[in-house]
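2 protein chains.
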Amino acid sequence: MTQRMREPTYFLLTALLDEPLHGYAIIGRAAELSGGRVRLATGTLYAALDRLTAEGFIEVVRTEIVNGRARRYYALTRDGGTALRAEAQIMAGAARLVLRFAGGVA
Amino acid sequence: MTQRMREPTYFLLTALLDEPLHGYAIIGRAAELSGGRVRLATGTLYAALDRLTAEGFIEVVRTEIVNGRARRYYALTRDGGTALRAEAQIMAGAARLVLRFAGGVA
DNA sequence: TTACATACGTAGATCATCGACATATGGTGG
DNA sequence: CCACCATATGTCGATGATCTACGTATGTAA
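In order, the protein sequence lines correspond to chains A and B.
When you line the first sequence up against UniProt numbering, it's residues 1 to 106, in that order.
When you line the second sequence up against UniProt numbering, it's residues 1 to 106, in that order.
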């Protein structure tokens, strides 16, 4: 009962902080924000979009039809923003626990 | 290929920052450090101890026999400490990404 | 015409974690 | 005396997010 958000999920939500994005654009934004470290796999992305929508953390705010295929734009909901900030604070606290010791960089 | 350390693993290693501890004591120390939030399940703990030992992140530094049962004390290795600090810095960076926006507490 | 970026999606496998169980001792409360 | 909890180690099956690899389609650059 310790389980929380995993990194791909965290960065997916973080990617939506500025503005609504469609699925594939989220991959690029997450990579950008993480300095290239987080590369969301499409299998992770589309599964997570469905899951987070069902959880009420994100929602579809616009749908375009491009080449006969739906392009959905997702936005953070209020709950999603709250959960993300809570998660960030837990992470900051956990990081502090380790870093206050040796300030030594890895 | 984004996968990193999960929270129980992170707190298991953090619990060993001060001094070597035996398995069960790690549960208490992790709970203490996290303000009661992280409650390591024994299934998680003993599996993780084996895994992290195999990975070279922790090692057995002392063994006592209590009531005919081995009590093993684990310590962080150099690699384990390095990995933990690296993880902490990634977490701090990720947290900053979200918290620099609304300083608003969750 | 081959290949890559864009863009959506599915399917099977992996693996850390979880909940429940098993076992044993020592202490405390009813 | 007996139930329960803390201490302590450990196993087993299930869960669930993520990963790799595949499939489809268009536009564009080499």
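We put the beta carbon where it would ideally sit given N, CA and C, even for glycine.
1) For residue 4 of chain A, name the three-state secondary structure that DSSP assigns.
2) Verify whether the separation of the beta carbon atoms of residue 11 of chain A and residue 40 of chain A is less than 9 Å.
3) Within the continuous beta strand (DSSP E) that includes residue 53 of chain B, where are the two ends?
4) So residue 10 of chain B contacts chain A; which residues on that side make the cut at Cβ distance below 8 Å?
5) Just verifying my parser: in three-state terms, what is the DSSP assignment at residue 98 of chain A?
6) Answer yes or no: does any C-beta atom of chain B fall closer than 9 Å to that of residue 42 of chain A?
7) Identify the contact partners of residue 66 of chain B in chain A, using a Cβ-Cβ distance below 7 Å as the criterion.
8) Can you grab the Cα-Cα spacing for the pair residue 78 of chain B / residue 38 of chain B, in whole Å?
9) Can you tell me whether residue 95 of chain B is buried or exposed, with buried defined as 16 or more other CB within 10 angstroms of its CB?
10) Could you check what DSSP says for residue 104 of chain A in three-state terms: helix, strand or coil?
11) Which residues, in order along the stretch 74-90 of chain B, keep a beta-carbon less than 9 Å from a beta-carbon of chain A?
12) For residue 73 of chain B, list the residues DSSP reports as bridge partners.
13) Tell me whether residue 39 of chain A sits in a helix, a strand or coil according to DSSP, three-state version.
14) Whose CA, out of B:29, B:6, B:17, B:80, lies closest to the CA of residue 100 of chain A?
15) Against chain B, with Cβ distances strictly below 9 Å, would residue 37 of chain A count as a contact?
Once the coordinates are examined:
1) In this structure, residue 4 of chain A counts as coil in the three-state DSSP scheme.
2) yes
3) Annotation for residue 53 of chain B: no beta strand (DSSP E) segment contains it, though the alpha helix (DSSP H) segment containing it runs 42-55.
4) Below the 8 Å Cβ cutoff, chain A contributes 94 as neighbours of residue 10 of chain B, in chain order.
5) helix
6) no
7) The premise fails here: residue 66 of chain B is roughly 27 Å from chain A at the closest Cβ pair, so nothing lies under 7 Å.
8) 24 Å
9) Here residue 95 of chain B is buried, its C-beta having at least 16 other C-beta atoms within 10 Å.
10) Here the model assigns residue 104 of chain A a pLDDT of 48, short of 50, so the residue's position is not dependable and the matter cannot be decided.
11) 81, 82, 83, 84, 85, 86, 87, 88, 89, 90
12) B:22, B:62
13) coil
14) B:17
15) yes
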